[in-house]
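Below: the structure, in structure tokens.
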Amino acid sequence: MFVAGLVGVTVVVVGLGAFTGTALRLVPLLVFLPSIVSGLGTVQQTALASVWVVLVVTASVASLGGDLGANLVATGFTAVFGVLSVLGCRYRVGREQEIDRLRSAAAALQRQILRPLPLRTGQVAVDGMYQPVEEDTMVGGDMYEVIARRDRTRVLIADVQGKGLSAIGTAFAVLSAFREAAYRETTLVDVVNALENAVLRHNAFAVETGEPERFVTALVLDIGPEQVEAVNCGHIAPYLVHDGRAGQVPLGEPAVPLGLAGLTTEARRGAWFAFPPGATVLLCTDGVTEARDPAGSFYPLEERLRAWARIPSIQLAETLSTDLHNFTGAAPPDDIAVLTLRR
């Protein structure tokens, strides 16, 4: 296919030049062909295009006659431009490989830091999926954690604003704070306050090192024997699936994201909702709700959950993952984290 395209472009340029009598002016335009290939193709393809163009230009200027010195200059310039195109392609490919390695390493680091699923506590069985994006500018900062604390289970799902290694650093700061505070603090609001302080400390350090400050949307749950307390910091509210029905839990107006408490005078408060036996709570990040199909429509999560309300809870995350991929028709443009909590 590549060779056919190379020959095709050459035939068009040479043929047009011969037909219009302007071959002496049109053929040298082929010198830019290797540079085009260098921006899109491999080093081998760029080298092949460079050699091909040198041969075509040499043959063309020789057949057209003219001053020998000018012909040698044209051929020499074509050869030099081809060599530069190959070197440029090598640099581009090397940079792309380096970026791919960084993306993969960052995504692997995220997977190692996050607790593997599924898992079980005394109150809930937890399953889900985590898909970090490696094809974007950089991976993002979605995170989750589950901590068993005596007769209760505390759960965190959060999403750091922005992408890149600095976003992952913020995510690690929040995770570390939650893993300590979930055991130490008596109330859920105190846990959230500890997360707020962790983000503020991390942002202060980021300013000193020239990194951007970031905020974090988070949903923190405290699951008891019958009810769940939730503190929503600008995150997507949970969905409850039970007895053939599904819908988003009404938690009221969410509080500001972590890191932005100084912008409001309202303190964060908990909200309670029932979590009966046999029910499933689904938590997710905006990689799910903001996914779009090729026509630009958002993924209808609540509508899908209503249709799946009677499927076994253990299949819910896998069903969602498959349907989301079919809906978007491509790899997701953002990180995706989903947790299903079953009594």
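So the number in my numbering is just where the residue sits in the sequence shown, counting from 1, plus 3.
Cβ atoms here follow ideal geometry from the backbone N, Cα and C, with glycine treated the same way.
Query                                                                                                                                                                 : Result
Going by the beta-carbon positions, is the gap between L222 and H238 smaller than 7 Å?                                                                                : yes
Buried or exposed: where does Y186 fall if 16 or more other Cβ atoms within 10 Å of its Cβ makes it buried?                                                           : exposed
Report the option in G332, Q134, T156, M146 whose CA atom is closest to the CA atom of A233.                                                                          : T156
With 16 as the cutoff for other CB atoms within 10 Å, does S300 come out buried or exposed?                                                                           : exposed
Identify the continuous alpha helix (DSSP H) that holds G42 and give its terminal residues.                                                                           : 36-43
Look at the Cβ atom of L263, then the Cβ atom of F218, and state whether they are nearer than 7 Å.                                                                    : yes
Say whether the stretch 145-160 touches the stretch 123-133, bearing in mind that this needs 3 or more beta-carbon pairs closer than 8 Å, one atom from each stretch. : yes
If you reduce the DSSP assignment to three classes, tell me which class Y338 lands in.                                                                                : The residue asked about is misnamed: residue 338 is Asp in this sequence, not Tyr. It is coil, neither helix nor strand.
I'd like the span of the beta strand (DSSP E) that includes D246, first residue to last.                                                                              : First-last for D246: undefined, no H or E at that position.
Among the residues of its own chain, which have a CB less than 8 Å from the CB of G165, if the five just before and after it don't count?                             : G143, G144, P215, R217
Compare the Cα-Cα distances from T283 to each of G250, R153, P260, V46 and report the closest residue.                                                                : G250
Which residues mark the beginning and the end of the beta strand (DSSP E) in which E232 is found?                                                                     : 230-236
Along the chain, where does the beta strand (DSSP E) that runs through A264 open and close?                                                                           : Premise fails: A264 is in no beta strand (DSSP E) and is neither H nor E.
Note down the Cα distance separating T61 from E293, rounded to an integer number of angstroms.                                                                        : 55 Å
Mind checking Q100: buried by the 16 CB within 10 Å criterion, or exposed?                                                                                            : exposed
DSSP three-state label for Q2, please.                                                                                                                                : What the structure shows of the chain is the stretch from 4 to 346, and residue 2 is not part of that stretch, so it cannot be assessed.
One question on the structure: do A274 and G247 come within less than 7 Å of each other, judged by their Cβ atoms?                                                    : no
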